[in-house]
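Asks: Have a look at the structure that comes next, please.
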Amino acid sequence: MIATQRSVSGSSQSPRSPSSQPYLSVSVTDPVKLGNGVQAYISYRVITKTNLPEYQGPEKIVIRRYSDFVWLRDRLFEKYKGIFIPPLPEKSAVEKFRFSAEFIEMRRQALDIFVNRIASHHELQQSEDLRTFLQADEETMERLRSQETGIFKKKPADLMQIFKDVQSKVSDVVLGKEKPVEESNPEYEKLKHYIFELENHLAEAQKHAYRLVKRHRELGQSLSDFGKAVKLLGACEGNSLGKAFSELGTKSETLSVKLQKEAHQLLMNFEEPLKDYVRAVQSIKATIAERANAFRRQCELAETTKLKEINLNKLTLMRSDKVGEAEIEYQELKAESEEATRMFEMIVRLMNEEIVRFQEQKTLDMGIAFHEFAKGQARLANGIANAWRSLIPKLEACSSSS
Amino acid sequence: MIATRSVSGSSQSPRSPSSQPYLSVSVTDPVKLGNGVQAYISYRVITKTNLPEYQGPEKIVIRRYSDFVWLRDRLFEKYKGIFIPPLPEKSAVEKFRFSAEFIEMRRQALDIFVNRIASHHELQQSEDLRTFLQADEETMERLRSQETGIFKKKPADLMQIFKDVQSKVSDVVLGKEKPVEESNPEYEKLKHYIFELENHLAEAQKHAYRLVKRHRELGQSLSDFGKAVKLLGACEGNSLGKAFSELGTKSETLSVKLQKEAHQLLMNFEEPLKDYVRAVQSIKATIAERANAFRRQCELAETTKLKEINLNKLTLMRSDKVGEAEIEYQELKAESEEATRMFEMIVRLMNEEIVRFQEQKTLDMGIAFHEFAKGQARLANGIANAWRSLIPKLEACSSSS
Chain A
1 MIATQRSVSG SSQSPRSPSS QPYLSVSVTD PVKLGNGVQA YISYRVITKT
51 NLPEYQGPEK IVIRRYSDFV WLRDRLFEKY KGIFIPPLPE KSAVEKFRFS
101 AEFIEMRRQA LDIFVNRIAS HHELQQSEDL RTFLQADEET MERLRSQETG
151 IFKKKPADLM QIFKDVQSKV SDVVLGKEKP VEESNPEYEK LKHYIFELEN
201 HLAEAQKHAY RLVKRHRELG QSLSDFGKAV KLLGACEGNS LGKAFSELGT
251 KSETLSVKLQ KEAHQLLMNF EEPLKDYVRA VQSIKATIAE RANAFRRQCE
301 LAETTKLKEI NLNKLTLMRS DKVGEAEIEY QELKAESEEA TRMFEMIVRL
351 MNEEIVRFQE QKTLDMGIAF HEFAKGQARL ANGIANAWRS LIPKLEACSS
401 SS
Chain B
1 MIATRSVSGS SQSPRSPSSQ PYLSVSVTDP VKLGNGVQAY ISYRVITKTN
51 LPEYQGPEKI VIRRYSDFVW LRDRLFEKYK GIFIPPLPEK SAVEKFRFSA
101 EFIEMRRQAL DIFVNRIASH HELQQSEDLR TFLQADEETM ERLRSQETGI
151 FKKKPADLMQ IFKDVQSKVS DVVLGKEKPV EESNPEYEKL KHYIFELENH
201 LAEAQKHAYR LVKRHRELGQ SLSDFGKAVK LLGACEGNSL GKAFSELGTK
251 SETLSVKLQK EAHQLLMNFE EPLKDYVRAV QSIKATIAER ANAFRRQCEL
301 AETTKLKEIN LNKLTLMRSD KVGEAEIEYQ ELKAESEEAT RMFEMIVRLM
351 NEEIVRFQEQ KTLDMGIAFH EFAKGQARLA NGIANAWRSL IPKLEACSSS
401 S
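See the structure below:
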């Protein structure tokens, strides 16, 4: 089950050699609607093929639903701070589209891409939670899923607040209100600025790409209505003029079908990749927030540890009987502080690698998406040009025979 | 000033400098005059001719829309049985009334209107046409304010006339009245065809207009998309940014193409369709006139017969009213014969007109379709080339990254 052309590079989907090279191949297939009314949902078959020893066997099939994918994403986000966790498609859609064939297919594709990106990431693919996701029975999965309270379980308002905190700290520093708890790393500032700007422009471009799809559909519908009306006219006229009307009408209807098909292709091969890019950038913003948290924690602990050290020295000089207690507290705090520093430094290191990986992958994905866009448009236009050109001699035949 | 959709046999370009008779008219130079709600458009009407009935080889007058309406109404009154060329609609949505596109479309339609009259072997001899082409503006204003033709009736009244025509038929079927409709199967077929044609044409024209609108919307959407993608390109930098910029620029270029083609579609296809609809409505008005003439003929024949019977009765009774009755009878008989002549002339003219209409319409619509298909092919070709030229540039961007 090969995912569409936007498979990540280096995906271990197809085994490079039957048994020696390690491989992990996952596919998300067969969406099926289960349940009734407001409780209704879509379930997917997740098929895992692997020769990795950590897995239970060469092939495993489980049934998963959207919230299981959310659970996996949240767990990875908690555990692998600094790594850009692959994005998920949006949770809810306008109610009436939620079970439309197109929406279901788009979501299935996006989920397939999500899991494969995890499976082909050298760190994330080793995750125990991934193994759980790919192998656990449905009851276990349901139990785990209802426990989760990750960052993404926060309402969007809370998430927004975290970002605002990140940015307001900077302005507080500028206004001299607080001690700086933001990194003053120019490279990093540049990256953050780029990510925030990128998100805005991407969202705009994606919005207009979606409208473009809509306009293609509307033009197609209009051509179809026009074709029908002109055919009725042809039936009413009779003789050569009537024949000309009929030819025109039929051709219009044919082209309407082409336009609708291309609108669908545009949606799948271009607008959806753009939307995926937007989600990826939002995921990066969440990682940026994590890094800010880690930095702040490191700073606060370093500060508190220093104060504790000063206090300890004071108590030692005074030969107080609280020295022993203070010493223990100081050592604990120092260990926590060092841990926080290690955590922060690891996040920084991972992020640097991730940024490089992200840029490469994105350039590849978007390059393909543009290519598909231009090719699709050229193909459509070519088909339309040929169709109209083939009509012209027929119209000339009708006029000359009148 | 050659009109685009010149009618066949138009005498616009002289076949020979001085010997062959010619009458060439053009409607040009729309100019907005007046202020506020009184504002209107005036046109220059230039007549070139060697016909002796005209005042000279060239004449230029200033006319406005209501002058054309006056001419149409006069011709409709005088030339019953002939399909009077249609006029563009009177009023448009207020905000478009002075848009460049609307003004140009109207100018073209008025030019076509006058030229169709000038090239119709009967209508071109009309004195009212000569007045329209030559009278000074004050005379024209005076004449125009006097006119009370059929088209001055509100659309509701016009609709009533048509309803009367159709209801008479059903009354006959229900046995309510003596038939005052012709029972001519050929003519029935024609009427049925005209009414059905009008419905289908109006539908087709409505959808053609929507097609124009959708072209415009797609063009606008491409333009917005192009701008957004260019901003993205500026933000990205490097080869991906360059690819975004190329895509954005190409989208904007194609948006312009689409808007141009939408305009062409409007002028060369949707407008001819609308003209066809108006022509059919004009024919319906002539059908109504024929029905009137037929009814008048029947009523007068009936009344004359009754008068004759009465006259014979009075003659037998040797009444002293015989003389009076004789005079009344003779008057009525003359009127009846006149009505019959009028009706028969209308029938004869209409038969010729139908043939002429079919030929002209087939030619006009054939051209319109041709333009439509060619325009669409040209647009699609241009779009295909544009996208294809982009592909190697995109490939260069991907491979250099």
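Protein chains in written order, with UniProt numbering: chain A, 1 to 402; chain B, 1 to 401. Glycine is no exception: its CB is placed at the ideal position from the N, C-alpha and C atoms.
(1) First and last residue of the beta strand (DSSP E) that includes residue 203 of chain B?
(2) Mind checking if residue 3 of chain B is an interface residue toward chain A, Cβ cutoff 7 Å exclusive?
(3) Look up residue 48 of chain A in the DSSP assignment and give the residues it is bridged to.
(4) Using a C-beta to C-beta distance shorter than 8 Å, which residues of chain A count as neighbours of residue 225 of chain B?
(5) From the DSSP output, in three-state form, read off residue 59 of chain B for me.
(6) Given that a residue counts as buried once 16 or more other Cβ atoms are within 10 Å of its Cβ, and exposed if not, what is residue 269 of chain A?
(7) Which residues in the same chain have their Cβ closer than 8 Å to the Cβ of residue 111 of chain A, if we skip the five residues on either side of it in sequence?
(8) If we define contact as Cβ-Cβ less than 7 Å, is residue 269 of chain B a contact residue for chain A?
(9) Per DSSP, what are the beta-bridge partners of residue 33 of chain B in this structure?
(10) Would you check if the segment 320-334 of chain B and the segment 285-296 of chain B touch, i.e. whether three or more CB-CB distances between them fall below 8 Å?
(11) So the candidates are B/87, B/310 and B/353; which of them puts its Cα closest to the Cα of residue 64 of chain B?
(12) DSSP three-state label for residue 34 of chain A, please.
(13) Checking 7 Å against the spacing of the C-beta atoms, do residue 84 of chain B and residue 349 of chain B come in under that value?
(14) How about residue 133 of chain B and residue 47 of chain B: are their beta carbons less than 7 Å apart?
(15) Rounded to a whole number of angstroms, what is the C-alpha to C-alpha distance between residue 66 of chain B and residue 140 of chain B?
(16) Residues of chain B with a CB under 7 Å from the CB of residue 366 of chain A: which are they?
(17) Please list, in chain order, all residues of the same chain as residue 209 of chain A whose beta carbon is under 8 Å from its beta carbon, the five residues on each side excluded.
(18) Under the three-state reduction of DSSP, which class applies to residue 284 of chain A: helix, strand or coil?
(19) Tell me whether residue 402 of chain B sits in a helix, a strand or coil according to DSSP, three-state version.
(20) Please report the straight-line C-alpha distance between residue 360 of chain A and residue 264 of chain A, rounded to a whole angstrom.
(21) Would you grab the beta carbon distance between residue 229 of chain B and residue 251 of chain B for me? Rounded to a whole angstrom, and I think it's under 8 Å.
(22) Can you tell me the Cα-Cα spacing of residue 378 of chain A and residue 47 of chain A, whole angstroms?
(23) With residue 81 of chain A as the anchor, note down where its alpha helix (DSSP H) starts and where it stops.
(24) Give me the Cα-Cα distance between residue 40 of chain B and residue 103 of chain B, rounded to the nearest whole angstrom.
(25) Looking at C-beta atoms only, is the number of pairs between the segment 277-284 of chain B and the segment 195-206 of chain B that lie closer than 8 Å three or more?
(26) Say whether chain A places a C-beta atom closer than 7 Å to the C-beta of residue 389 of chain B.
(27) Any C-beta of chain B sitting closer than 7 Å to the C-beta of residue 197 of chain A?
(28) Going along chain A in order, which residues have a C-beta closer than 7 Å to the C-beta of residue 369 of chain B?
(29) Among A/288, A/276, A/218 and A/290, which one has its Cα closest to the Cα of residue 256 of chain A?
(30) List the residues of chain A whose Cβ lies closer than 8 Å to the Cβ of residue 374 of chain B, in chain order.
(31) Residues in its own chain within less than 6 Å of residue 268 of chain B by CB, not counting five upstream and five downstream?
(32) From the beta carbon of residue 365 of chain B, is the nearest beta carbon of chain A less than 7 Å away?
(33) Using the rule of at least 16 other Cβ atoms within 10 Å of the residue's Cβ for burial, across every protein chain shown, is residue 281 of chain A buried or exposed?
(34) Note down, in chain order, all residues in the segment 252-265 of chain B with a beta-carbon under 8 Å from any beta-carbon belonging to chain A.
(35) Return helix, strand or coil for residue 252 of chain A, following the three-state DSSP convention.
Replies: Looking at the coordinates:
(1) Careful: residue 203 of chain B lies outside any beta strand (DSSP E), inside the alpha helix (DSSP H) at 185-236.
(2) Confidence at residue 3 of chain B is low in this model, with a pLDDT of 36, below 50, so its placement is unreliable and no value can be given for it.
(3) A/26 and A/60
(4) 205, 208, 209, 211 and 212
(5) strand
(6) buried
(7) 28, 44, 66, 69, 88 and 89
(8) no
(9) B/40
(10) no
(11) B/87
(12) strand
(13) no
(14) yes
(15) 10 Å
(16) 240
(17) 266, 270, 271 and 274
(18) helix
(19) Since the first residue shown for chain B is 1 and the last is 401, residue 402 of chain B is missing from the structure and cannot be characterised.
(20) 28 Å
(21) 7 Å
(22) 37 Å
(23) No alpha helix (DSSP H) holds residue 81 of chain A; DSSP gives it neither H nor E.
(24) 11 Å
(25) yes
(26) no
(27) yes
(28) 244, 248 and 395
(29) A/218
(30) 388 and 392
(31) 371
(32) yes
(33) buried
(34) none
(35) helix
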